[in-house]
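These protein sequence lines map, in sequence, to chains A and B.
Heads up: the first sequence begins at 3 in the working numbering, then just goes up one per residue.
Heads up: the second sequence begins at 3 in the working numbering, then just goes up one per residue.
All C-beta atoms, glycine included, are put in the ideal place defined by N, C-alpha and C.
Number of protein chains: 2
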Amino acid sequence: MTLRTTQACEQCTLRELCLPLGLPENELWQLDEIVQQRRPIAKGAALFTMGSPFEHLYAVRTGALKIVLIGDDGTEQITGFALSGDLLGLDAIHDGTHPVSAVALESTSVCAVPYSHVDNLSGRLPTFRQHLMCVMSRGLAHDESLHALLGQRTAEQRLATFLITLSERHRARGLAADHFHLPMSRADIANHLGLTQETISRLLTQMRQQGVISLHTRDLKILAPETLRGTAGVTLDPAASSA
Amino acid sequence: MTLRTTQACEQCTLRELCLPLGLPENELWQLDEIVQQRRPIAKGAALFTMGSPFEHLYAVRTGALKIVLIGDDGTEQITGFALSGDLLGLDAIHDGTHPVSAVALESTSVCAVPYSHVDNLSGRLPTFRQHLMCVMSRGLAHDESLHALLGQRTAEQRLATFLITLSERHRARGLAADHFHLPMSRADIANHLGLTQETISRLLTQMRQQGVISLHTRDLKILAPETLRGTAGVTLDPAASSA
DNA sequence: CGAGCCTTTGATTATGGTCAAGCGCTGTGG
DNA sequence: CCACAGCGCTTGACCATAATCAAAGGCTCG
C-alpha cells in the first residue's frame, strides 16, 4: 500500500507550492525522509473518508479531488477542490478524525506525510513551522472569502468567480490560465457554489453565447478574462482551496 | 494604549477555552510574560481593520465582536462573531495583514499577544504548538460546516442552527445555554447567514409564535431546544467562530 | 453497440428579496 | 423627568432569482 520511491522533494515540480516551500536546501532532506508515496487513487475512490482516523497529511502530486462534507441527513456539501500541490488533512488535526471525505475526480497520486513527523519537524525547524502556519492561515482567510461569495453574490457572480479562481490556480502552477480541463462535473460545481446543476448549465450556455468562454464537454477556454472578472465583481483569494 | 496588569492567565476564568489550554502549570508563566492587556474597545470601534498590519493575536476577555470582510465593491460580509475566550487574527499570519476587520458589538476587552512571541513559544513548548495547531484546525473544520450551512440550508434552518450554535458556545463558557443576550443586531445575523434583516425578523416572530423561543429586544430564551434542533436539521460544530 | 450518467433546455413554482411604511426602544438634551 | 431624534425592528405587498420538475440529447466506457 505504501511504497517509498526515489522521488525527492528536491526534484519535485511542486516545490514552490507544497510543503517544502521556505525550507532551506540543506534542510530539505529531512522532509524527504518522512514523505511517503502512495499508489494512484482511482477516479471515484476516496483518499480518506469522513470519520476515519487522522494519521497523515497529504499533498496532491497529480490529479484532482473533491472535498466532501456529509450532513446528518445525508446531504453532501463539496467544500473545495484540491489540485496538485494542495495540502489535505489540516482540518483533522484538532480531533484526530477527518471531518470530510476526499474523493478523486480523476486518477490521482499523492504524497503522504505522517502527522507525528510533521509536528516533530515543526519543533525543530522554525522555517518549516512558519510555513505550515502560513498555509493554515491562508486556508482560514480563503474560507472567509468563500463565505462572502456564498452570502452575497448572485449565481452568475459565483460561477464567474469560481472560473477565475480555477484559472489563477492553474497559473500559479505554471499552467495555461486560459485553457484547461475541468475535472469536476457541473453538479459538483453547483454543489460547491450552493446552486443547482441546471443553473450552472444555463449560465455556462449564456457565457458561451456571449463569447466569454468556450466550453466543449469539460475543455474550457477563457476568451474574455476581463469580462469574466467584471461579472465576478469580487476577487477571491486564489490560494489553498480547502485545507 | 498598552498597559500591563496583574491579571494572570493562571487566574483567568477563560483558561480552559483560550490559549493557555494544554499548557502545563509550570509553563504558564511564559505565556503570562508576553500577554498584554488593552483598554476596553467601545461599542462600534474596531480592534483592528482590514488591511492593517498584523502584529498581535487577540483573545477576547469580555464582550463580543463581529468579524467583517469588506468586498471590492463595498459590500460587507460578517464572517463570524467572537465571544469571550475566542482567538482573533490567525487568518492574518500568512501575509502580515488582517484580511478582515473586528468591530466591537459592545464594550469589549481583549488580551493582545505579539505574534513573534507566539511563534517563539511554539518552537520551545510542544504542547503550546500543538494547541495552536488544534485551534487553527478547528477553525478550518468550522468553516467547512458553515459552507454547508450556507450552501444547502433554508433560511429557517440557518437561523435555528445559528441560535443553537450560540447557545452551545455559551454552555462551553459555563453560562446559561437557554437564556442569554444577543450582542448583535438582526441585520448582523442576517448578513452572517446570507439573508436579509426582514427574513430574520419574520422567522424570529414565527419561532416566538410557535413557542420555540421567547425574545424581547435582544434578550433570548430558548424554550424548546429540541424543536429548534429539529428544524436546524444539522449540527454545526460549536467551536471557534472565526479565527 | 448499448447502458448509464452527464448535460442541456423548457415550463412552472417557491423561497426569500425588495420596497415601503409604521412602531418602539434608547439615549440625549432641554 | 419628559420630549424628541434616530436607529433598530416589525409587518405587509409585491417581485425576482434560482429551484424544481420534466424530458430529451450526448458522452464514455464496457
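P217 of chain B - DSSP class collapsed to helix/strand/coil: Walking along the second sequence from the start, residue 217 of chain B turns up at place 215. According to the sequence provided, residue 217 of chain B is Leu. The question's Pro does not apply to it. In the structure shown, L217 of chain B sits in a strand (DSSP, three-state: E or B).
Close Cβ partners of L19 of chain A (< 6 Å) along its chain, the five nearest in sequence each way excluded: Here residue 19 of chain A refers to the residue found at position 17 when the first sequence is read from its first residue. G87.
Reference L92 of chain B; option with closest CA among B:H58, B:L148, B:K68, B:S216: Taking the first residue of the second sequence as position 1, residue 92 of chain B is located at position 90. The shortest C-alpha separation from L92 of chain B is found at B:H58.
Nearest residue (CA-CA) to A192 of chain B, options B:H218, B:A178, B:Q159, B:I43: Residue 192 of chain B sits at position 190 when you count from the first residue of the second sequence. Checked all of B:H218, B:A178, B:Q159, B:I43; the closest Cα to A192 of chain B is B:Q159.
Where I202 of chain A falls: helix, strand or coil (DSSP): Numbered from its first residue, the first sequence carries residue 202 of chain A at position 200. In the three-state scheme derived from DSSP, where H, G and I count as helix and E and B as strand, I202 of chain A is classed as helix.
Enclosing beta strand (DSSP E) for Q39 of chain A [first to last residue]: On the first sequence, residue 39 of chain A is found 37 positions in, with the first residue counted as 1. Per DSSP, Q39 of chain A belongs to the beta strand (DSSP E) from 38 to 40.
Within chain A, the residues that M138 of chain B reaches when beta carbons sit closer than 9 Å: Counted from its first residue, the second sequence places residue 138 of chain B at position 136. Chain A residues near M138 of chain B: L92, I95, H96, M135, M138, S139, G141, L142.
P128 of chain A versus A:K45, A:L25, A:C11, residue with shortest Cα-Cα distance: As a first step, residue 128 of chain A is located in the first sequence; it is residue number 126 there, counting from the start. Checked all of A:K45, A:L25, A:C11; the closest Cα to P128 of chain A is A:L25.
Touching by the beta-carbon criterion (3+ pairs, under 8 Å), the region 108 to 119 of chain B and the region 33 to 50 of chain A: no
Segment contact flag, the region 96 to 113 of chain A with the region 59 to 75 of chain A, C-beta cutoff 8 Å, min 3 pairs: yes
C-alpha gap between A245 of chain B and D180 of chain B, whole angstroms: Taking the second sequence and counting its residues from 1, one reaches residue 245 of chain B at position 243. Taking the second sequence and counting its residues from 1, one reaches residue 180 of chain B at position 178. Note that A245 of chain B scores a pLDDT of 49, beneath 50, so its modelled location is shaky; the value from the coordinates is reported in the next line. When rounded, the distance between both Cα atoms is 25 Å.
Beta-bridge partners of A114 of chain B, as assigned by DSSP: Mapped onto the second sequence, residue 114 of chain B falls at position 112. Answer is B:Q38, B:Y60.
Nonlocal neighbours in the same chain, by C-beta distance under 6 Å from Q79 of chain B, ignoring five residues either side: Taking the first residue of the second sequence as 1, we reach residue 79 of chain B at position 77. Correct list, in chain order: L71.
Nearest-angstrom beta carbon gap, Y60 of chain A and L21 of chain A [assumed within contact, 8 Å]: Within the first sequence, residue 21 of chain A is the residue found at index 19, counting from 1. Within the first sequence, residue 60 of chain A is the residue found at index 58, counting from 1. The Cβ separation is near 11 Å, so there is no contact.
Closer than 8 Å at the beta carbon, the chain A residues around H149 of chain B: The residue you call residue 149 of chain B lines up with position 147 of the second sequence. Near H149 of chain B (Cβ distances below 8 Å), the residues of chain A are L71, Q79, T81, D145, L148, H149, L152.
Within-8 Å CB hit, P128 of chain B to chain A: Along the second sequence, one-based indexing puts residue 128 of chain B at 126. True, the Cβ-Cβ gap to chain A drops below 8 Å.
Neighbour flag for R41 of chain A against chain B, beta carbons, 8 Å: The residue labelled residue 41 of chain A in the question sits at position 39 within the first sequence. No, R41 of chain A lies away from the interface with chain B (no Cβ there is under 8 Å from its Cβ).
Any chain A beta carbon closer than 8 Å to R231 of chain B: For the purposes of this step, residue 231 of chain B is identified with residue 229 of the second sequence, where counting begins at 1. Not closer than 8 Å to any Cβ of chain A, the Cβ of R231 of chain B fails to qualify, so no.
Beta-bridge pairing of I72 of chain B - partner residues as DSSP gives them: Indexing the second sequence from 1 puts residue 72 of chain B at position 70. Beta-bridge partners of I72 of chain B (DSSP): B:E78.
Sequence ranges, alpha helix (DSSP H) only - wholly within the region 79 to 110 of chain B, length at least 4: none
Per-residue contacts from D121 of chain B into chain A (C-beta, under 7 Å): One-based indexing of the second sequence puts residue 121 of chain B at position 119. Within chain A, the residues near D121 of chain B are Q132.
Pairwise C-alpha distance: L151 of chain A and F164 of chain B: The count along the second sequence starts at 1 and reaches residue 164 of chain B at position 162. The count along the first sequence starts at 1 and reaches residue 151 of chain A at position 149. For F164 of chain B and L151 of chain A, the distance between alpha carbons rounds to 19 Å.
Segment contact flag, the region 135 to 146 of chain A with the region 135 to 155 of chain B, C-beta cutoff 8 Å, min 3 pairs: yes
Under 7 Å by beta carbon: chain B residues contacting G125 of chain A: Working through the first sequence from its first residue, we reach residue 125 of chain A at position 123. Here the neighbours are G125, P128, R131.
Selection of the region 183 to 196 of chain B by Cβ proximity to chain A, strictly under 9 Å: N193, H194, L195, G196
Proximity winner among B:H172, B:Q208, B:D97, B:S109, relative to A47 of chain B (alpha-carbon distances): On the second sequence, position 45 is the one that residue 47 of chain B refers to. Checking every option, the nearest Cα to that of A47 of chain B belongs to B:S109.
Straight-line gap, H96 of chain B to L85 of chain A (C-alpha atoms, nearest Å): Residue numbering aside, residue 96 of chain B sits at position 94 when the second sequence is read from its first letter. Residue numbering aside, residue 85 of chain A sits at position 83 when the first sequence is read from its first letter. Between H96 of chain B and L85 of chain A, the C-alpha separation is close to 20 Å.
According to DSSP, residues forming a beta bridge with P55 of chain A: Along the first sequence, read from residue 1 onward, the residue named residue 55 of chain A stands at position 53. According to DSSP, which records beta bridges pairwise, P55 of chain A is partnered with A:T99.
C-alpha distance - R6 of chain B paired with A174 of chain B, whole-angstrom precision: Reading the second sequence from its first residue, position 4 is the one you call residue 6 of chain B. Reading the second sequence from its first residue, position 172 is the one you call residue 174 of chain B. Confidence in R6 of chain B is poor, its pLDDT being 48 and thus under 50, which makes the residue's placement unreliable; the coordinate value appears in the next sentence. Those two C-alpha atoms are separated by around 28 Å.
Near-chain A residues of the region 97 to 118 of chain B (beta-carbon distance less than 7 Å), N- to C-terminal order: Contacts with chain A (Cβ-Cβ distance below 7 Å) from the region 97 to 118 of chain B involve P101, V102, listed in chain order.
L25 of chain A - DSSP class collapsed to helix/strand/coil: On the first sequence, residue 25 of chain A is found 23 positions in, with the first residue counted as 1. Coil, per DSSP.
DSSP state of L152 of chain A mapped onto helix, strand, coil: By one-based count along the first sequence, residue 152 of chain A stands at place 150. Of the three classes helix, strand and coil, the one that applies to L152 of chain A here is helix, per DSSP.
Under 8 Å between C-beta atoms of L225 of chain A and I215 of chain A: Translated into positions along the first sequence, residue 225 of chain A becomes position 223. Translated into positions along the first sequence, residue 215 of chain A becomes position 213. The answer is yes: Cβ separation under 8 Å.
Cβ neighbours of E12 of chain B in the same chain (closer than 6 Å, five flanking residues each side left out): Taking the first residue of the second sequence as 1, we reach residue 12 of chain B at position 10. Contacts found: L30.
Close Cβ partners of R131 of chain B (< 7 Å) along its chain, the five nearest in sequence each way excluded: Here the question's residue 131 of chain B lines up with position 129 in the second sequence. Answer for R131 of chain B: S124, listed in chain order.
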